[in-house]
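As you go down the protein sequences, you meet chains P and D in turn. All letters in the first sequence, in the order written, are residues 1 to 537 by the working numbering. All letters in the second sequence, in the order written, are residues 538 to 680 by the working numbering.
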Amino acid sequence: MQGEPSGPLGDEETQEVPDYSSDYVVGQDNIQPFGLDIHNPVFVISGSAIVLFVLFTFAFPAWAAENFGDLRLWLTTRLDWFFMGAGNLVLLFCLFLVLSPLGSVRIGGERATPDYGYVSWVAMLFAAGIGIGIMFYGVLEPMNHVLHLPLGAEGLEGEARRSLAMAATIYHWAFHPWAIYSLVGLSLAFFCFNKGLPLVIRSAVYPLFGERIWGPVGHTIDVLAVIATMFGLATSLGFGAEQAAGGIRYLFGIQPSDGLKVAIVAVITALALISVLRGLDGGIKVLSEINMLMAIALGSFILVLGPTLGILEAIWHNTVAYLAYLPELSNWIGRDDDYYMHDWTTFYWAWWIAFSPFVGMFVARISTGRTVREFILAAMLAPSAIFIWWMTTFGETAMDQYFLQGFAGVADTVRNFQPELSLFVFLTEFPLSSVTSVVGIILVLIFFVTSMDSGSLIVDTMTAGGKIETPLTQRVFWCVFLGLLGAALLLGGGLSSIQALALATAFPFVLIMLMMMVSLFLGLRAERVLLERGDAE
Amino acid sequence: MRASGPRYARMAIPLDLAELSLADPALAQAAALWDPAGAPIVLVTVVGPGPHASGLSGEAQDAALQALADDARARFGVPFQVAVLREHDPAATGDEALERCFAAHDIDLVVMRSHAPAFSDHWLPAHGRWLATHSARSLLLLR
Numbered sequence: 001m002q003g004e005p006s007g008p009l010g011d012e013e014t015q016e017v018p019d020y021s022s023d024y025v026v027g028q029d030n031i032q033p034f035g036l037d038i039h040n041p042v043f044v045i046s047g048s049a050i051v052l053f054v055l056f057t058f059a060f061p062a063w064a065a066e067n068f069g070d071l072r073l074w075l076t077t078r079l080d081w082f083f084m085g086a087g088n089l090v091l092l093f094c095l096f097l098v099l100s101p102l103g104s105v106r107i108g109g110e111r112a113t114p115d116y117g118y119v120s121w122v123a124m125l126f127a128a129g130i131g132i133g134i135m136f137y138g139v140l141e142p143m144n145h146v147l148h149l150p151l152g153a154e155g156l157e158g159e160a161r162r163s164l165a166m167a168a169t170i171y172h173w174a175f176h177p178w179a180i181y182s183l184v185g186l187s188l189a190f191f192c193f194n195k196g197l198p199l200v201i202r203s204a205v206y207p208l209f210g211e212r213i214w215g216p217v218g219h220t221i222d223v224l225a226v227i228a229t230m231f232g233l234a235t236s237l238g239f240g241a242e243q244a245a246g247g248i249r250y251l252f253g254i255q256p257s258d259g260l261k262v263a264i265v266a267v268i269t270a271l272a273l274i275s276v277l278r279g280l281d282g283g284i285k286v287l288s289e290i291n292m293l294m295a296i297a298l299g300s301f302i303l304v305l306g307p308t309l310g311i312l313e314a315i316w317h318n319t320v321a322y323l324a325y326l327p328e329l330s331n332w333i334g335r336d337d338d339y340y341m342h343d344w345t346t347f348y349w350a351w352w353i354a355f356s357p358f359v360g361m362f363v364a365r366i367s368t369g370r371t372v373r374e375f376i377l378a379a380m381l382a383p384s385a386i387f388i389w390w391m392t393t394f395g396e397t398a399m400d401q402y403f404l405q406g407f408a409g410v411a412d413t414v415r416n417f418q419p420e421l422s423l424f425v426f427l428t429e430f431p432l433s434s435v436t437s438v439v440g441i442i443l444v445l446i447f448f449v450t451s452m453d454s455g456s457l458i459v460d461t462m463t464a465g466g467k468i469e470t471p472l473t474q475r476v477f478w479c480v481f482l483g484l485l486g487a488a489l490l491l492g493g494g495l496s497s498i499q500a501l502a503l504a505t506a507f508p509f510v511l512i513m514l515m516m517m518v519s520l521f522l523g524l525r526a527e528r529v530l531l532e533r534g535d536a537e
Numbered sequence: 538m539r540a541s542g543p544r545y546a547r548m549a550i551p552l553d554l555a556e557l558s559l560a561d562p563a564l565a566q567a568a569a570l571w572d573p574a575g576a577p578i579v580l581v582t583v584v585g586p587g588p589h590a591s592g593l594s595g596e597a598q599d600a601a602l603q604a605l606a607d608d609a610r611a612r613f614g615v616p617f618q619v620a621v622l623r624e625h626d627p628a629a630t631g632d633e634a635l636e637r638c639f640a641a642h643d644i645d646l647v648v649m650r651s652h653a654p655a656f657s658d659h660w661l662p663a664h665g666r667w668l669a670t671h672s673a674r675s676l677l678l679l680r
């Protein structure tokens with residue numbers, strides 16, 4: 001190990017400004033068994049822990065279901081203040097960075113240029129992150145909230161009721177999750193591309209721990225990140241396959257047997273493997289752009305054939321409603337709408353945070369060349385705008401179907417909580433519903449493929465000590481492992497139990513995020529000083 | 538003393554920046570096969586974004602390779618030039634980037650150090666095997 005952060009810069013004046021770079025060389029703790037290139041001990045501990053947790057869940061399914069279920073309940077009901085408070089703090093911190101002079105620091109150094117244009121960048125952000133949510137919740141969530149209004153506002157009627165339902169939906173998908181991903185992504189990007197630290201989660205808290213971060217503390221952080229990512233992706237894949245099978249039954253009448261679900265996982269894994277082998281630009285980037293175009297086409301189809309003028313007006317009204325309700329929805333004190341606040345908001349917040357190492361690292365990987373200000377504004381505003389447009393288009397149309405046309409199909413999927421069916425039931429009210437439904441299935445499939453591909457990329461980087469030039473075999477291994485994990489959980493039961501464990505990782509990650517905020521502030525402040533002195537790269 | 542036999546006018550040596558100290562056998566072999574009327578031997582490496590296992594980043598990577606080229610020229614009496622290929626995802630596209638570089642320089646012989654096949658190489662080929670099965674160039678693997 002190489003001593004404390006290399007702060008002292010020579011003369012007395014510069015000694016006060018640490019530069020937070022390290023002599024640690026990426027991959028220096030790696031070992032090369034069987035031609036692989038893996039970090040010792042993060043790879044072995046995280047891989048073993050994942051296998052042991054899953055075997056334990058299979059061996060004691062009832063105990064796991066009960067206790068991990070209780071853990072999930074405790075997290076979402078007792079820690080509402082913790083997750084919601086942290087989400088608010090992160091959002092305020094991001095706004096502070098945008099407005100402060102620290103926002104002018106450029107990721108990758110002053111002369112760095114962006115690797116990707118805004119369109120590709122946003123498409124990849126979306127596809128690797130929570131984009132799949134638009135498929136399952138775009139129709140279901142607004143309808144759910146309009147039927148079970150939050151904030152104890154059950155008395156609201158008409159436009160006011162619909163506005164609150166839309167604001168409550170947008171609240172979960174707009175600024176807060178993207179502020180969380182911006183913080184993690186920005187922290188990693190800054191300490192990796194500006195300070196030369198490895199692209200692993202521990203690097204983002206280097207200013208607080210110094211060289212000790214390359215020891216057990218850092219191992220723990222990275223192992224947690226790997227477990228959160230693997231469990232989060234595997235359970236998403238498992239639930240996604242169940243939902244896709246449900247959709248296929250609805251559309252084609254094929255019974256959703258275990259064989260069908262495993263076949264869906266196998267197809268997604270096989271496509272993800274092809275994407276992995278084609279690399280970042282030939283795989284994820286291309287698929288993300290295809291997905292973006294298909295989503296725009298589907299959204300435009302609904303916009304044109306739905307209540308076009310009403311939707312266009314509602315985009316503005318819902319944006320204003322979202323901003324107006326934002327303080328109230330963000331406040332956990334004195335609320336009695338437990339269903340909305342715990343089953344939806346706190347669950348979402350924990351889920352976004354559990355996914356933040358994965359999404360944040362992926363965002364960092366593709367984000368050099370932008371200033372901190374550009375990074376946050378683009379990462380928060382563009383996806384938020386897309387979500388507002390999408391949720392308004394689908395949500396307002398679904399509410400029109402229910403309130404004005406008397407079609408209760410979507411409302412029934414809400415009452416029965418069948419997110420996999422909401423979109424397809426909704427589409428039956430439009431022409432060419434068989435075509436649009438197939439487009440919907442393809443979109444879901446591609447979103448899963450890009451998530452698995454980017455997940456494999458990130459888990460490989462995490463377990464290789466931040467090394468990017470690793471043998472491709474490792475990424476293939478993680479992709480296949482993810483597929484096997486998803487299939488095993490589907491067949492052996494335990495999807496909910498393992499999902500609860502993924503959620504549980506959000507608790508320590510909130511603490512890590514709080515440390516990231518302090519670290520990033522210290523790092524950017526020092527970078528500004530070094531830039532003014534001409535000492536930074 | 539140069540070996541008798543065929544000489545090559547346009548050669549390339551792919552190198553790992555983190556293992557430049559192991560480059561000597563490839564440099565010596567290429568120098569021995571170099572045609573005095575030929576172009577400088579191209580030392581080429583592929584790097585990704587972010588910190589590298591060599592501990593070098595950005596322009597320092599170019600400088601390290603250039604230093605090796607200068608040193609090799611002095612020791613072997615053969616001209617060398619350098620090419621640093623920057624890829625977004627070098628693990629996946631590094632071999633294709635190398636092949637594009639070879640094509641751009643119209644390379645007729647690639648000389649590279651290679652490891653003995655490991656377990657993982659049976660699933661996905663290492664750089665040498667990939668080039669042997671995908672590149673139109675002659676390839677000399679040194680172990």
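Idealized CB from N, CA, C, for every residue including glycine.
CB contact below 8 Å: residue i versus chain D
{"i": "P198/P", "result": "yes"}
{"i": "V17/P", "result": "no"}
{"i": "T473/P", "result": "yes"}
{"i": "G232/P", "result": "no"}
{"i": "C479/P", "result": "no"}
{"i": "F190/P", "result": "no"}
{"i": "D538/P", "result": "Outside the shown range of chain P, which is 1 to 537, sits residue 538/P, and nothing can be said about it."}
{"i": "F577/P", "result": "Since the displayed chain P opens at 1 and closes at 537, residue 577/P lies outside it and no answer follows."}
{"i": "G299/P", "result": "no"}
{"i": "D222/P", "result": "no"}
{"i": "F375/P", "result": "no"}
Min CB distance residue i to chain P below 8 Å
{"i": "A655/D", "result": "yes"}
{"i": "V648/D", "result": "no"}
{"i": "A600/D", "result": "no"}
{"i": "L557/D", "result": "no"}
{"i": "W660/D", "result": "yes"}
{"i": "G585/D", "result": "yes"}
{"i": "R680/D", "result": "no"}
Residue i: contacting residues in chain D (beta-carbon distance under 7 Å)
{"i": "G279/P", "result": "D626, A629, T630"}
{"i": "F362/P", "result": "By Cβ distance, chain D contributes nothing, its closest Cβ being about 12 Å from F362/P, past 7 Å."}
{"i": "F358/P", "result": "What F358/P touches in chain D: nothing, since even the nearest Cβ is about 17 Å away."}
Whole-number beta carbon distance between residue j and residue i, since they are thought to touch under 8 Å
{"i": "G218/P", "j": "S21/P", "result": "Not a contact, Cβ separation roughly 16 Å."}
{"i": "L489/P", "j": "T269/P", "result": "L489/P to T269/P, Cβ: 14 Å. No contact."}
{"i": "M166/P", "j": "G395/P", "result": "6 Å"}
{"i": "V449/P", "j": "S275/P", "result": "6 Å"}
{"i": "I284/P", "j": "G585/D", "result": "With a Cβ gap of about 15 Å, I284/P and G585/D do not count as contacting."}
Nearest residue (CA-CA) to residue i, options the options
{"i": "V583/D", "options": "M548/D, V648/D, H664/D", "result": "H664/D"}
{"i": "M399/P", "options": "V44/P, I134/P, L102/P, N144/P", "result": "N144/P"}
{"i": "L125/P", "options": "G108/P, F447/P, A153/P, S104/P", "result": "F447/P"}
{"i": "A324/P", "options": "V476/P, L164/P, F60/P", "result": "L164/P"}
{"i": "G35/P", "options": "F507/P, V510/P, A464/P, F521/P", "result": "A464/P"}
{"i": "N331/P", "options": "L89/P, E16/P, L52/P, N67/P", "result": "L89/P"}
{"i": "S672/D", "options": "P573/D, V648/D, A601/D", "result": "V648/D"}
{"i": "G109/P", "options": "I578/D, S594/D, D608/D", "result": "S594/D"}
{"i": "V581/D", "options": "R666/D, W660/D, A640/D", "result": "A640/D"}
Residue i, buried or exposed, once every other Cβ within 10 Å from all chains shown has been counted against 16
{"i": "P216/P", "result": "exposed"}
{"i": "I31/P", "result": "exposed"}
{"i": "G542/D", "result": "exposed"}
{"i": "E434/P", "result": "Checking the sequence shown, residue 434/P turns out to be Ser, not Glu. Exposed, since its Cβ has fewer than 16 Cβ neighbours within 10 Å."}
{"i": "G138/P", "result": "buried"}
{"i": "D336/P", "result": "exposed"}
{"i": "N416/P", "result": "exposed"}
{"i": "G10/P", "result": "Reliability of the predicted coordinates at G10/P is poor, the pLDDT of 45 falling under 50, and the value obtained from them is presented with this limitation in mind. Flag for G10/P reads exposed."}
{"i": "H652/D", "result": "exposed"}
{"i": "V372/P", "result": "buried"}
Beta-carbon neighbours of residue i, restricted to chain P and to distances below 8 Å
{"i": "P551/D", "result": "Within 8 Å Cβ-Cβ: nothing; P551/D doesn't reach chain P, min ~13 Å."}
{"i": "G665/D", "result": "Here the premise fails: no neighbours, minimum Cβ distance about 13 Å."}
Closer than 7 Å at the beta carbon, the chain P residues around residue i
{"i": "G592/D", "result": "V25"}
Contacts of residue i in chain P (Cβ-Cβ under 9 Å)
{"i": "H589/D", "result": "V25, V26, G27, K467, I468, E469"}
Interface residues of chain D facing residue i [CB-CB closer than 8 Å]
{"i": "V476/P", "result": "W660, L661"}
{"i": "T76/P", "result": "By Cβ distance, chain D contributes nothing, its closest Cβ being about 36 Å from T76/P, past 8 Å."}
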